[in-house]
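In mature numbering (1 follows the signal peptide of the UniProt record, and there is no 0), the protein residues as written are -20 to -1, 1 to 182.
Don't be surprised by glycine CBs; every beta carbon is placed ideally from N, CA and C.
First the structure, in the form of structure tokens, and then the observations on it.
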């Protein structure tokens, strides 16, 4: 099973990537035995939050992938979020984008990819986010330029702050959002995101 998944991942990467493009495999869900290092980060951290998220592995006869499930109970003002994150020490200073191979299902299409870098207390850390949409149906590769990640603090865009320290990334995360300052989209309900891999491209 593991050998088949490894070959499957290798073929997919070679089909997608253009020869000569620098690449770094951040997460290979096709060959992960578990995803227990991913922890939930949803709005239940607040008193009024009622959303839920989970990341699980799905195995079939030929492949293995992760599924990010979200139940988003948005507030009347559109607030609310459901997400997961994992600690990971990364140096992305030699890369210009992050790519994910994904397939979306359910009610919502809008997600955030989140990076955090080394700083002070965890509760005070800024989040650097990139919004993206996943069409329903076939698998697609979503490409997120690193220079387009924007700083947030408690779901509010921050105008003046330190730039993202690409050489000192400490965690990555995924989030389904109810609303966002940079988008007119309002979301709620149940959704899922299947994922094969997350890579950095140079």
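Sequence-distant residues of its chain with Cβ nearer than 7 Å to residue i (five each side left out)
i: residue 138; result: 106, 131, 132
i: residue 7; result: 177, 178
Reduced DSSP secondary structure (H/G/I, E/B, other) of residue i
i: residue 128; result: helix
i: residue 176; result: strand
i: residue 13; result: coil
i: residue 144; result: coil
i: residue 24; result: helix
i: residue 163; result: strand
i: residue 55; result: coil
i: residue 138; result: coil
i: residue 168; result: coil
i: residue 106; result: coil
i: residue 120; result: strand
Delimiting residues of the beta strand (DSSP E) encompassing residue i
i: residue 95; result: 90 to 97
i: residue 66; result: 61 to 70
i: residue 31; result: Note, residue 31: premise wrong, no beta strand (DSSP E); not H, not E.
i: residue 48; result: 44 to 52
i: residue 150; result: 149 to 157
i: residue 82; result: 77 to 86
i: residue 214; result: An answer regarding residue 214 cannot be provided, because it is not within the stretch -20 to 182 covered by the chain.
i: residue 7; result: 3 to 8
Other residues of its chain near residue i: CB distance less than 6 Å, five sequence neighbours each side excluded
i: residue 48; result: 35, 154, 173
i: residue 50; result: 33, 62, 156, 171
i: residue 161; result: 137
i: residue 21; result: 63, 65
i: residue 199; result: For the chain, the structure presents residues -20 to 182; residue 199 sits outside this window and is missing.
i: residue 29; result: 23
i: residue 108; result: 95, 129, 131, 144
Beta-carbon spacing of residue i, residue j below 9 Å
i: residue 182; j: residue 88; result: no
i: residue 94; j: residue 178; result: no
i: residue 66; j: residue 152; result: yes
i: residue 180; j: residue 70; result: yes
i: residue 146; j: residue 99; result: no
i: residue 176; j: residue 10; result: yes
i: residue 54; j: residue 158; result: yes
Residue i Cβ short of 8 Å to the ligand GDP heavy atom set
i: residue 130; result: No copy of the ligand GDP occurs in the structure displayed, which carries no ligand at all.
Any 3 or more C-beta pairs closer than 8 Å across the stretch 31 to 49 and the stretch 113 to 132: In this structure the stretch 31 to 49 does not touch the stretch 113 to 132; the number of beta carbon pairs closer than 8 Å is below three.
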